[in-house]
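Chemist: Mind having a look at this structure? Questions to follow.
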Amino acid sequence: MDLYLLQAEPPLGGTRQGGNCEAGSRGQERGRQSSPASTLRAARPGGSGQRRAAGARVYKVLVSVGRNEWFVFRRYAEFDKLYNTLKKQFPTMTMKIPAKRIFGDNFDPDFIKQRRTGLNEFIQNLVRHPELCNHPDVRAFLQMDSPRHQSDPSEDEDERSIQKLHSTSQNINLGPSGNPHAKPTDFDFLKVIGKGSFGKVLLAKRKLDGKFYAVKVLQKKIVLKRKEQKHIMAERNVLLKNVKHPFLVGLHYSFQTTEKLYFVLDFVNGGELFFHLQRERSFPEHRARFYAAEIASALGYLHSIKIVYRDLKPENILLDSIGHVVLTDFGLCKEGIAISDTTTTFCGTPEYLAPEVIRKQPYDNTVDWWCLGAVLYEMLYGLPPFYCRDVAEMYENILHKPLNLRPGVSLTAWSILEELLEKDRQNRLGAKEDFLEIQNHPFFESLNWTDLAQKKIPPPFNPNVVGPDDIRNFDAAFTEEMVPYSVCISSDYSIVNASVLEADDAFVGFSYAPPSEDLFL
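The following block contains the structure:
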């Protein structure tokens with residue numbers, strides 16, 4: 001198990017009255033998105049409008065056990081309680097946590113940095129001492145016994161198997177499923193910029209021409225173990241169609257080795273929308289409108305080619321170097337869904353699930369318009385519309401609680417939120433004429449959609465990146481991680497065994513080269 005302390009964020013708003021719902025801490029698992037091993041980070045403040053209290057800062061702990069990663073949100077008082085519990089049961093324990101501050105400014109940057117460093121040292125020490133790490137209170141603190149957090153084989157084990165694989169003399173050609181034109185050694189892998197359930201995303205520089213790409217590297221054995229090969233192949237198919245739209249990330253190349261799958265994608269370095277919301281809490285309405293329009297344009301295009309996205313959330317929305325939206329991560333897309341078609345698979349991220357998905361009823365592409373409403377609400381108010389730390393209670397809220405629209409936005413914003421977040425999908429905005437209904441809503445009346453699609457409208461925010469390899473908008477918990485040796489290996493040859501043959505058969509047709517090799521390789 002690994003633990004990290006992520007960068008502290010501003011203090012949070014107060015706790016909402018009633019239940020376990022908190023305005024200031026959204027402890028979501030990032031699912032297929034990037035997530036490092038165990039980390040601590042002060043969580044994004046909520047948009048409750050309540051007065052901030054000095055002790056309200058929430059830290060985001062990223063826990064990594066084998067192949068599973070999840071976030072846990074904890075306040076300083078919870079660290080203090082755990083520390084005192086352990087101190088009583090292990091009186092010889094030498095580790096400490098930063099002391100409480102009775103006098104002085106709790107918002108002082110130096111104090112915040114010092115406290116974060118101290119808490120990071122504390123959680124790192126927990127990992128180093130098995131007797132502490134396995135203590136029931138520590139396991140509860142890190143939510144290690146949750147059924148959702150069952151562990152997979154560790155990456156260290158995978159690294160050792162790769163080393164062993166390449167030290168053997170019994171080799172055989174991988175065969176036609178391996179692309180002869182691309183291999184890992186064509187790239188310099190520079191930084192880890194993301195992490196998910198099946199592998200990592202790395203910033204890579206192509207050796208031939210010095211161009212930068214984001215390379216998504218997936219572990220075949222993990223994909224097969226979780227029976228996700230159909231989703232991976234669907235993601236590859238969707239990526240191939242994205243080159244025709246300005247607000248969807250593009251695939252340049254895909255190839256495979258005996259152990260791994262590689263997607264070579266646009267490197268989009270303006271940061272996740274999630275990252276910017278963490279820093280800014282919420283966006284002005286004109287900025288939220290701009291992002292919502294570009295997102296809607298991308299969703300409308302996907303629907304036009306019979307694809308339902310199904311996983312819209314701030315973590316999957318990137319900003320490019322000048323501030324335009326780019327949707328990424330198409331692993332949950334459903335192909336072949338026309339306007340009148342439905343599907344029933346339960347998937348997505350809890351905060352953004354439409355009521356019909358939670359009820360496990362047939363649903364259609366209007367789930368994407370619900371998600372657009374949830375993301376727009378979050379951009380305007382700072383939290384998803386029905387958010388609660390207790391997932392079961394949050395589902396109840398989504399199903400039954402009326403939408404709470406607070407002051408501070410225009411009447412047209414209220415209107416589109418009410419129509420997108422309509423619990424009956426048949427009455428939801430977009431149910432009849434899909435994207436056309438979104439375009440024609442008064443909220444977007446001031447927008448020229450033709451100019452938007454041609455990127456003629458200047459973005460309201462510029463990430464101010466200084467070059468094509470600028471990674472300032474990526475979390476340091478990722479970028480400070482070592483690049484795994486195994487991603488750099490071009491395993492054109494491998495031992496013949498059942499698992500290699502199974503993986504080879506499962507991903508036939510995965511590899512892709514553009515029509516003209518000169519376009520890329």
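In the working numbering, the protein residues as written are 1 to 521.
Note that the Cβ used here is the ideal one computed from N, Cα and C, for glycine as well.
Source: prediction; values computed, not measured.
Secondary structure at residue 390, three-state DSSP: helix, strand or coil?
Modeler: Coil.
Chemist: Using the C-alpha atoms, what's the distance from residue 318 back to residue 473?
Modeler: Each residue's alpha carbon lies about 10 angstroms from the other.
Chemist: Tell me which same chain residues have a C-beta within less than 8 angstroms of the C-beta of residue 78, skipping the five on either side of it?
Modeler: Result list for residue 78: 141, in chain order.
Chemist: So, at 8 angstroms on beta carbons, what are the nonlocal neighbours of residue 229 in its own chain, with the 5 sequence-adjacent residues on each side left out?
Modeler: Taken in chain order, the residues that qualify are 223, 506 and 507.
Chemist: Within this structure, are the beta carbons of residue 189 and residue 388 separated by less than 9 angstroms?
Modeler: For residue 189 and residue 388, no; Cβs fall outside 9 angstroms.
Chemist: Hey, how far is the Cα of residue 520 from the Cα of residue 369?
Modeler: Confidence at residue 520 is low in this model, with a pLDDT of 40, below 50, so the placement of that residue is unreliable and no value is reported for it.
Chemist: Candidates 270, 273, 299 and 276: which alpha carbon is nearest residue 436's?
Modeler: Among 270, 273, 299 and 276, the Cα nearest to that of residue 436 is on 299.
Chemist: Bridge partners for residue 273 per DSSP, in chain order?
Modeler: Note: residue 273 sits in no beta bridge, so no partner.
Chemist: Are there 16 or more other CB atoms within 10 angstroms of the CB of residue 304, so buried, or fewer, so exposed?
Modeler: Classification for residue 304: exposed.
Chemist: Please return the same chain residues whose Cβ sits closer than 6 angstroms to the Cβ of residue 422, not counting the five positions on each side in sequence.
Modeler: Closer than 6 angstroms at the Cβ level, and outside the excluded window around residue 422, lie 428.
Chemist: Within its chain, find whatever has a CB closer than 7 angstroms to the CB of residue 372; leave out the 5 residues flanking it on each side and keep chain order.
Modeler: Counting only Cβ-Cβ distances below 7 angstroms, and skipping sequence neighbours, we find 292, 295, 296, 299, 312 and 420.
Chemist: Considering only residues of the same chain and omitting the five flanking positions on each side of residue 212, which have a CB-CB separation below 6 angstroms?
Modeler: Excluding positions up to five away in sequence, the list reads 205, 267, 468 and 469.
Chemist: Going by beta carbon distance, what residues of the same chain come within less than 7 angstroms of residue 434, once the five residues before and after it are set aside?
Modeler: Same-chain partners within the cutoff: 300, 303, 339 and 365.
Chemist: Is it true that the CB of residue 251 sits closer than 9 angstroms to the CB of residue 240?
Modeler: Against a cut-off of 9 angstroms, the Cβ pair of residue 251 and residue 240 comes out as a contact.
Chemist: Whole alpha helix (DSSP H) runs in the region 107 to 151 with 4 or more residues, listed along the chain?
Modeler: Those alpha helix (DSSP H) runs which fall completely within the region 107 to 151 and span 4+ residues are 109 to 128, 130 to 133 and 136 to 141.
Chemist: Which value, in whole angstroms, describes the spacing of the CA atoms of residue 363 and residue 397?
Modeler: Each residue's Cα considered, the two are about 19 angstroms apart.
Chemist: Buried or exposed for residue 486, please, with buried defined as at least 16 other CB atoms from any protein chain shown within 10 angstroms of its CB.
Modeler: Per the 10 Å Cβ criterion, buried.
Chemist: The ligand MG and residue 282: does any heavy atom of the ligand fall closer than 8 angstroms to the residue's C-beta?
Modeler: Of the ligands one can find in the structure shown there are none, so the ligand MG has no counterpart to examine.
Chemist: Could you tell me the alpha carbon to alpha carbon distance between residue 24 and residue 128, rounded to whole angstroms?
Modeler: For residue 24, the pLDDT reaches just 40, beneath the cut-off of 50, and the residue's location in the model is therefore unreliable, although a value from the coordinates is still provided. Each residue's alpha carbon lies about 31 angstroms from the other.
Chemist: Exposed or buried, which one is residue 244 when buried takes at least 16 other CB atoms within 10 Å?
Modeler: Flag for residue 244 reads exposed.
Chemist: For residue 131 versus residue 71, is the C-beta distance shorter than 9 angstroms?
Modeler: No, they are not a contact pair.
Chemist: Have a look at residue 351 and residue 465 and give me their C-alpha separation to the nearest angstrom.
Modeler: Cα to Cα, the separation comes out at about 30 angstroms.
Chemist: With DSSP run on the structure shown, which of helix, strand or coil describes residue 204?
Modeler: Strand.
Chemist: Can you grab the Cα-Cα spacing for the pair residue 381 / residue 341, in whole Å?
Modeler: Cα-Cα distance, rounded: 33 angstroms.
Chemist: What three-state label does DSSP hand residue 75 in the structure shown?
Modeler: In this structure, residue 75 counts as strand in the three-state DSSP scheme.
Chemist: Extract the residue ranges of the alpha helix (DSSP H) inside the region 219 to 288, only unbroken runs of 4 or more that lie entirely within it.
Modeler: List check, alpha helix (DSSP H) in window: 220 to 225, 229 to 241 and 273 to 280.
Chemist: How about residue 327 and residue 249: do their beta carbons lie closer than 9 angstroms?
Modeler: Taking 9 angstroms as the Cβ cut-off, residue 327 and residue 249 qualify as a contacting pair.
Chemist: What residue range is occupied by the uninterrupted alpha helix (DSSP H) comprising residue 415?
Modeler: Where residue 415 is concerned, the enclosing alpha helix (DSSP H) stretches over 411 to 420.
Chemist: Beta-carbon within less than 6 angstroms of residue 447's beta-carbon, same chain only, minus the 5 sequence neighbours each way: which residues are those?
Modeler: Within the same chain, residue 447 has close Cβ partners 293.
Chemist: Rounded to the nearest angstrom, what separates residue 425 and residue 88 at their Cα positions?
Modeler: Looking at the two C-alpha atoms, the distance is approximately 55 angstroms.
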